[in-house]
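Residue numbers (full-length UniProt numbering): 1 to 231.
Every residue, glycine too, gets a C-beta built ideally from N, C-alpha and C.
This one's a predicted model, so the numbers in the text were calculated from it and none came from an experiment.
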């Protein structure tokens, strides 16, 4: 989760006068090479970071850099923490494990906010029933990996509503949607030449291929979902 890591680096620098590279590496459990690459990405994005050599050297945000628009207030922190807690409730799915790790690191960085009464969740999401067994977990991890890599997947989908909606072929995966506990894969179907939503419960077989695809930059997962009525 590179974006979350960049945010953590940014907020950590904002709350410390001088930071050693080794310190960042231990905190984020990354190599020096990755740390330097992340810092360069922040600089490219316009974040002014000063570097100092010597025993007392390190890195820090430039005094000329204004972070007012990037800083979060307590309500925004509560929202971020709540979101990471919610995403962490989806069993052992990859994105869920990453969300729990994000929450752990945020809590380490800002314990006075993370463990305060104001930021404790008032809503509980229990997804344990939907995650009994490993079949759904394997599908989620498979599709998440294919989305990240931009690789086509081959699926065998048996629609319970209409034989015409059944698919046995290649799909370009664009996103995953959870609706009231049920998971859907949204992707471009090369058999019907349309974007579709597939209920994971009816995907009988799935396999990541080595074939890559170019993602349509105009596609918006949220807009598609609002306009569609997945079966």
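> Just the Cα atoms here: how many angstroms apart are residue 18 and residue 28?
Replying inline: Just so you know, the alpha carbons of residue 18 and residue 28 end up roughly 17 Å apart.
> If you compare alpha carbons, which of 181, 178, 179, 195 is closest to residue 170?
Replying inline: Here the closest residue by C-alpha is 195.
>> Need the endpoints of the beta strand (DSSP E) that residue 195 sits in, please.
In response: Boundaries of the beta strand (DSSP E) harbouring residue 195: 194-199, taken from the DSSP string.
> Could you give the uninterrupted runs of the beta strand (DSSP E) lying entirely in the UniProt domain "HTH deoR-type" (2-61), keeping only those of 3 residues or more?
Replying inline: Listed in chain order, the complete beta strand (DSSP E) runs (minimum 3 residues) inside the UniProt domain "HTH deoR-type" (2-61) are 49-52, 58-61.
>> Quick check on DSSP: helix, strand or coil for residue 99?
In response: In this structure, residue 99 counts as helix in the three-state DSSP scheme.
>> Using the three-state DSSP reduction, which class does residue 214 fall into: helix, strand or coil?
In response: Coil at residue 214, not helix or strand.
> Taking residue 22 as the reference, which of 100, 55, 48, 227 has the closest Cα?
Replying inline: Between residue 22 and the set 100, 55, 48, 227, the nearest pair of CA atoms involves 55.
>> Among the candidates 225, 138, 159, 35, whose CA atom is the shortest distance from the CA of residue 58?
In response: Among 225, 138, 159, 35, the Cα nearest to that of residue 58 is on 35.
> Thinking just about the alpha-carbon of each residue, which of 12, 164, 183 is nearest to the one in residue 139?
Replying inline: For the residues 12, 164, 183, the minimum Cα distance to residue 139 belongs to 183.
> Just checking, does the stretch 215-222 make contact with the stretch 152-167 on the three C-beta pairs under 8 Å criterion?
Replying inline: Segments in contact, no.
> From residue 103 to residue 39, what does the alpha carbon distance come to, in whole angstroms?
Replying inline: For residue 103 and residue 39, the distance between alpha carbons rounds to 22 Å.
> For residue 158, does the three-state DSSP call read helix, strand or coil?
Replying inline: Annotated three-state conformation of residue 158 is coil, per DSSP.
>> Please report the straight-line C-alpha distance between residue 88 and residue 94, rounded to a whole angstrom.
In response: Distance between the alpha carbons of residue 88 and residue 94: 10 Å.
> Can you give the Cα-Cα distance for residue 190 and residue 210, rounded to whole angstroms?
Replying inline: Their Cα atoms are separated by approximately 16 Å.
> Would DSSP call residue 191 helix, strand or coil?
Replying inline: Coil.
>> Counting C-beta neighbours from all protein chains within 10 Å, is the total for residue 5 16 or more, i.e. buried, or is it exposed?
In response: When all chains shown are included, residue 5 counts as buried.
>> Using a 10 Å radius around the Cβ and a threshold of 16 neighbouring Cβ atoms, would you call residue 172 buried or exposed?
In response: Buried, since its Cβ has 16 or more Cβ neighbours within 10 Å.
>> By the DSSP assignment, the beta strand (DSSP E) with residue 176 in it spans what residues?
In response: 167-179 is the span of the beta strand (DSSP E), which, as asked, contains residue 176.
>> Using only the alpha-carbon positions, how far apart do residue 32 and residue 163 sit?
In response: Take the alpha-carbon of residue 32 and the one of residue 163: they are about 54 Å apart.
> What do you get for residue 99, buried or exposed, if any count of 16 or more other CB atoms within 10 angstroms of its CB means buried?
Replying inline: A buried status is given to residue 99, since no fewer than 16 other beta-carbon atoms sit within 10 Å of its beta-carbon.
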